[in-house]
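Asker: Top to bottom, those sequences are chains A and B.
Take the first sequence: its letters are residues 1 to 235, numbered as in UniProt numbering.
Take the second sequence: its letters are residues 1 to 260, numbered as in UniProt numbering.
Note that the Cβ used here is the ideal one computed from N, Cα and C, for glycine as well.
Being a predicted model, the structure only gives us computed values, none of them experimental.
One structure, pasted below without further comment.
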Amino acid sequence: MELTINNLKKSFGNLKVLDSLNLIFKPNKVYCIFGPSGCGKTTLFNIIAGILPADGGEIKGLEGKKISYVFQEDRLLPWATVEENILFVLESHYKKEEAKKLSDKYISLVNLSEFKNHYPHELSGGMKQRVCIARALAFRGDILIMDEPFKGLHLELKKSLMDYIINYLKENNKAVFFITHDIDEALYLGDCIYVFSGPPIKLKKEIEIKIPPDERKKDKEYMEKLKEEIINFDF
Amino acid sequence: MTDFTTKNKKSILNKILIFVFWMCIWQAVHLIIGRDIYVPSPLSVFIRLSELVFLKSFWLSVLYSIYRVVAGILLSIVIGAITAVFSAISAFVLNLIHPLMTAIKSTPVLSFIIIALIWFSSGNVPVFICFLMCYPVIWTNLVTGIKGVDKKLLEMSKVYKVKKTVVFKKIFIPSVLPYFTAACITCLGLGWKVTVAAEVLSHPKIAIGSNLHTAKAYLDSTELFAWTFVVILLSFIFEIVFSRIIKKHGMEDKIGANDK
C-alpha cells in the first residue's frame, strides 16, 4: 500500500505550514520522522489522519484504510477504564467477543492486565501512554502513526514494544510513521529516516537504513556513522 | 461493619442535634416576640400540620403542586436540551437565544406571573412559570457542557472512525452529565419556590400556594408556617430522590472520574 502526497497545501492564517508538498511513502516500512518543533510534522500527519482538512492537493492511497494514531497526549476517556477505552475504538469495527479478545491481548502486551479495570486518573503518565499504544495496536490500522509514543517508558518495555512493532509490520502490509526526537529509537526501529525542516515543511534528507533491524547490532560502525550524520545535520 | 454503624449513628445524632438547635432558636424567637401572628411556636405549627395530613384536600394539594413542579421542570429539560444542542452547534442560534435568556433571567418573576395570568388558566400559570425560570438554568448549563466537550477526544474518535452513536453515548453524555446534574439540582429548589409563588398569585382550585394564600387572608400564621414547612420538606425530598437516582445509575462515579 503506497501513500502518495501530491501538491499538499495548508496554511494557518498567514503561516504556510505545507506549501505544495510532494512525498511518496512505500508500504512495509517504518518511516522515522525527524524535524524541529513547529516545522509542520504534526500538521502533516493530522491531515493524513483526517483530523485536519488540507487547503489543496491530494493524498492517494488512503481510500478504505484504517488509521491507528498514538497521539502526543494520551487522549483517553477519563470516565472509562483502561479496557473500556480500548473497546471504545474497537466496538465500531469488530464484534463484541473479537473486540474483547483484541483488547485483552494488547493490554497484556503493554503489561497492564492488572490495571484493566482502572481509570486513567489512577494511572501514571507512562501507563497512560501504554494504554494509547495498546489502543492503536489493537485497532490494527493499515497505517500506524505514532507521535513520540515512547516518552516516559522504561527501556525494557520500550525495546519490547519496538520489537513488537517491527514484527507486526513484517506480518502485515502496514505503513508505520514514527515521529520522534530520539535518534537511538529511530535507528533501532526505522527503515527510512526522513529529516524535515520548516515551516513550510520540506524534506531535507532521506536516509534509508539498508540493514534489517535485527542485524543492526552487528554493524555498529555503520549505525554510528548514520547517527553522526543525523546529529550533524544542518536544519 | 461496627465502625460503619457507629459512624452512621453519629451522623444521625448530629442531624437530630442540628434540627433541635434550630427548633430551639425558632422557639426562642417566638418567646421573644410573644405574638403568634408574627411567629407561631414550632409546636403549634406541628400540631396544625398533624391535623392537615389527615385531610384529603391536603394530599390533593400536595399532589397537584408536585405535578406542576414536575411538569414545569420536565418541560424545561426537554426544550432546554433541544435548544441547547442547536445553540452549541450553531453560533447563529446561540446569538439568537442568548438575549432571550438574559431577559428571562433579569425580569422579576412577578412580572411573568402577571403576564401569564392573562395568557393561561390559573392551574397552568405555575407550570409555565416553573418552566420559564428553570429553562435558562438548563439551557446555560447544557450549552456550557456541550461546548466544553474535549475536542481532542472527538478528534481521536474521528481517526478511529468510531460510530456517531457511540461517540454520543461515550463522550457527549458523560461530558455533559455533571452540568446537567448541577442544573437539575438547582431547578429542583428553584422550581418549588417559583411554582408555589405562582400558585399564590394565580390561586388554582387545588394547590399548596392557594392554601398559603387563604392562610394569609385569614392572618392564620400557624397554617402559613405549616404549609411553608410542607414546601421545604417536598423540595428536600425531591433532591434526595434525584441524588438516589443518580447514585443508582452509577453516574456519580463517572462524574467523579470526569472531575479528576
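Out of curiosity, what's the CA-to-CA distance linking leucine 226(A) and leucine 187(A)?
Answerer: Counting from 1 along the first sequence, the entry for residue 226(A) is found at position 226. Counting from 1 along the first sequence, the entry for residue 187(A) is found at position 187. Straight-line Cα distance between these residues: approximately 8 Å.
Asker: At the 8 Å Cβ level, is tyrosine 160(B) part of the contact set with chain A, yes or no?
Answerer: Here residue 160(B) refers to the residue found at position 160 when the second sequence is read from its first residue. Yes, tyrosine 160(B) counts as interfacial toward chain A.
Asker: Can you name the residues of chain B whose CB is closer than 7 Å to the CB of glutamate 91(A)?
Answerer: As a first step, residue 91(A) is located in the first sequence; it is residue number 91 there, counting from the start. Near glutamate 91(A) (Cβ distances below 7 Å), the residues of chain B are Val166.
Asker: Is it the case that the segment 84-94 of chain A contacts the segment 25-33 of chain A, given that we only count it when at least three CB pairs across the two stretches are under 8 Å?
Answerer: In short, these stretches do not touch, since the Cβ pair count stays below three.
Asker: Please give the ranges of any alpha helix (DSSP H) in the segment 96-182 of chain A, keeping only runs that are unbroken, at least 4 residues long and fully inside the region.
Answerer: Complete alpha helix (DSSP H) runs here, min 4: 96-109, 125-139, 155-171.
Asker: For the segment 151-161 of chain B and the segment 101-115 of chain B, state whether three or more C-beta atom pairs, one from each stretch, are separated by less than 8 Å.
Answerer: No, the segment 151-161 of chain B is not in contact with the segment 101-115 of chain B.
Asker: Relative to chain B, which residues along the segment 137-171 of chain A have a C-beta separation below 7 Å, given in chain order?
Answerer: Answer set for the segment 137-171 of chain A: Phe139.
Asker: Is it buried or exposed, phenylalanine 45(A), if we count other Cβ atoms within 10 angstroms and call 16 or more buried?
Answerer: On the first sequence, residue 45(A) is found 45 positions in, with the first residue counted as 1. Buried: at least 16 other Cβ atoms inside 10 Å.
Asker: If you follow the alpha helix (DSSP H) that leucine 76(A) is part of, which residue opens it and which one closes it?
Answerer: Taking the first residue of the first sequence as 1, we reach residue 76(A) at position 76. Careful: leucine 76(A) lies outside any alpha helix (DSSP H) and carries neither H nor E.
Asker: Which term fits histidine 30(B), buried or exposed, when burial requires 16 or more other beta carbons within 10 angstroms of its beta carbon?
Answerer: As a first step, residue 30(B) is located in the second sequence; it is residue number 30 there, counting from the start. Its Cβ being crowded by 16 or more others within 10 Å, histidine 30(B) is buried.
Asker: Find the residues of chain A that neighbour isoleucine 171(B), judging by a C-beta separation of less than 8 Å, and give them in chain order.
Answerer: On the second sequence, position 171 is the one that residue 171(B) refers to. Within chain A, the residues near isoleucine 171(B) are Leu77.
Asker: Any idea what DSSP makes of phenylalanine 238(B), helix, strand or coil?
Answerer: Taking the second sequence and counting its residues from 1, one reaches residue 238(B) at position 238. The answer is helix: DSSP assigns phenylalanine 238(B) an H, G or I state.
Asker: Measure the alpha-carbon distance for tyrosine 64(B) versus phenylalanine 128(B) and round it to whole angstroms.
Answerer: Taking the second sequence and counting its residues from 1, one reaches residue 64(B) at position 64. Taking the second sequence and counting its residues from 1, one reaches residue 128(B) at position 128. Computed Cα separation, rounded: 14 Å.
Asker: Answer yes if the segment 181-189 of chain B comes into contact with the segment 83-97 of chain B, meaning at least three C-beta pairs across the two stretches below 8 Å, and no otherwise.
Answerer: Segments in contact, no.
Asker: For chain A, find out if any of its Cβ atoms is closer than 8 Å to the Cβ of serine 248(B); answer yes or no.
Answerer: Along the second sequence, read from residue 1 onward, the residue named residue 248(B) stands at position 248. Contrary to the premise, residue 248(B) reads as lysine rather than serine in this sequence. With 8 Å as the cut-off, lysine 248(B) does not count as an interface residue toward chain A.
Asker: By the three-class DSSP mapping on this structure, what secondary structure does leucine 13(B) have?
Answerer: Within the second sequence, residue 13(B) is the residue found at index 13, counting from 1. DSSP places leucine 13(B) in helix when its eight states are reduced to three.
Asker: When you compare the CB of glutamate 73(A) with every CB in chain B, is at least one pair closer than 8 Å?
Answerer: Here residue 73(A) refers to the residue found at position 73 of the first sequence. Yes - at least one Cβ of chain B is within 8 Å of the one on glutamate 73(A).
Asker: In chain order, what residues of the segment 225-240 of chain B put their CB closer than 7 Å to some CB of chain A?
Answerer: Those residues of the segment 225-240 of chain B that come within reach of chain A (Cβ to Cβ, closer than 7 Å) do not exist; the list is empty.
Asker: State the CB to CB distance for the pair leucine 77(A) and isoleucine 16(B), rounded to an integer number of angstroms; the pair is presumed to be in contact (CB under 8 Å).
Answerer: On the first sequence, residue 77(A) is found 77 positions in, with the first residue counted as 1. On the second sequence, residue 16(B) is found 16 positions in, with the first residue counted as 1. Leucine 77(A) to isoleucine 16(B), Cβ: 43 Å. No contact.
Asker: My output table needs one value for lysine 260(B): the three-state DSSP class, helix, strand or coil.
Answerer: The sequence position of residue 260(B) within the second sequence is 260, counting from 1. Unreliable placement is indicated for lysine 260(B), whose pLDDT of 41 sits below 50; the coordinate value is still reported in the next sentence. If DSSP states are grouped into helix, strand and coil, lysine 260(B) belongs with coil.
Asker: Could you tell me the alpha carbon to alpha carbon distance between proline 213(A) and lysine 66(A), rounded to whole angstroms?
Answerer: The sequence position of residue 213(A) within the first sequence is 213, counting from 1. The sequence position of residue 66(A) within the first sequence is 66, counting from 1. Looking at the two C-alpha atoms, the distance is approximately 26 Å.
Asker: When the cut-off is 8 Å and only beta carbons count, does leucine 153(B) lie next to chain A?
Answerer: In the second sequence, counting from the first residue as 1, residue 153(B) sits at position 153. It does; some Cβ of chain A falls within 8 Å.
Asker: Which two residues bound the contiguous alpha helix (DSSP H) that contains serine 57(B)?
Answerer: Position 57 of the second sequence, counted from the first residue, corresponds to residue 57(B). Taken as a continuous stretch (DSSP letters only), the alpha helix (DSSP H) holding serine 57(B) covers 56-89.
Asker: Report the residue from Leu18(A), Asn14(A), Lys218(A), Asp163(A) whose alpha carbon sits nearest the alpha carbon of isoleucine 6(A).
Answerer: In the first sequence, the residue the question calls residue 6(A) occupies position 6. Going by the sequence as given, residue 6(A) is asparagine instead of isoleucine. Of the listed residues, the one whose Cα sits closest to asparagine 6(A) is Leu18(A).
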